[in-house]
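Asks:
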Amino acid sequence: MTESIGSPSPRRAALQRAWAFFLWVAFPIHAWAIYFYLINADRYAGRSNWEAVGLGGYILLIALIESLLVTGFFLLLGLLLPRRWPPKQRQAARIGVFGVTALWLVLGQVTLLRFRQRPGVTAAFFAPINQPSVLPLLLFLLVLVVSIALPIWAAGKPGLQRVLNGLVERVSLLSWLYLALDVAGLVVVIIRNL
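Heads up, the numbering used here is the position in the sequence shown plus 88, with the first residue counted as 1.
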């Protein structure tokens, strides 16, 4: 089987798609980890600078491990997609489902962070959970299923594939910066443990 010049082999193309997906996954995980590091800076401001740098190194290392695990999980989950779909459609579905999942998780954490500062509001927010009514839970489940099924359904649209691939290309530039910070964090962790 001959390949045209400039077109990668199917295996290489699959690795490129997996790498692009990893960079897509690494972006929100690292951005969120760095955000938490910075908003909690007052907790370790009284310590030495070396301890603050060490904590940052550990946080980045954990974000890297989490990115690898989440990427592996979603790549395995992608095996459930129909084999007849072209690779670009499968990639768009993975990108969309992870994007929606990340948005749901960020929304949940922002909600909890906001309520953490007002304990009375937190109790009032979670009080309906103790109610025997299943309707709110079913409504939430419906919204969750639709929000995850929508990217899978829309992944076949060429326009959406172009938009998602463009978004991944832009985000991957920042992810490279985060990976460079991961290497620096790994060096800090190794030096601290010598």
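Positions of the beta carbon are idealized from the N, C-alpha and C atoms, including for glycine.
1) Cα-Cα, which of Leu165, His118, Leu230 is closest to Gly145?
2) In three-state terms, what does DSSP make of Met89?
3) Do Arg178 and Phe162 have their beta-carbon atoms positioned less than 9 Å apart in this structure?
4) Distance check for Ser136 and Asn253, CA to CA, integer angstroms please.
5) Could you tell me the distance, in whole angstroms, from the CA atom of Val277 to the CA atom of Gly142?
6) Please report the residue range of the alpha helix (DSSP H) in which Gly134 lies.
7) Between the alpha carbons of Gly134 and Leu126, how many angstroms are there, rounded?
8) Looking at Phe115: is its Cβ nearer than 9 Å to the Cβ of Val259?
9) How is the alpha helix (DSSP H) around Gly166 delimited, first residue to last?
10) Whole angstroms are fine: how far does the CA of Glu154 sit from the CA of Pro239?
11) By the three-class DSSP mapping on this structure, what secondary structure does Gly244 have?
Replies: This is what the structure gives:
1) Comparing Cα positions, the closest option is His118.
2) Residue placement at Met89 is flagged as unreliable, the pLDDT there being 47, under the threshold of 50; the coordinate-derived value follows with that caveat. Residue state, collapsed to three classes: coil.
3) For the pair Phe162 and Arg178, the CB atoms are not nearer than the 9 Å cut-off.
4) 43 Å
5) 6 Å
6) For Gly134, no alpha helix (DSSP H) segment is defined, and its DSSP state is neither H nor E.
7) 14 Å
8) yes
9) No alpha helix (DSSP H) contains Gly166, which DSSP labels as neither H nor E.
10) 23 Å
11) coil
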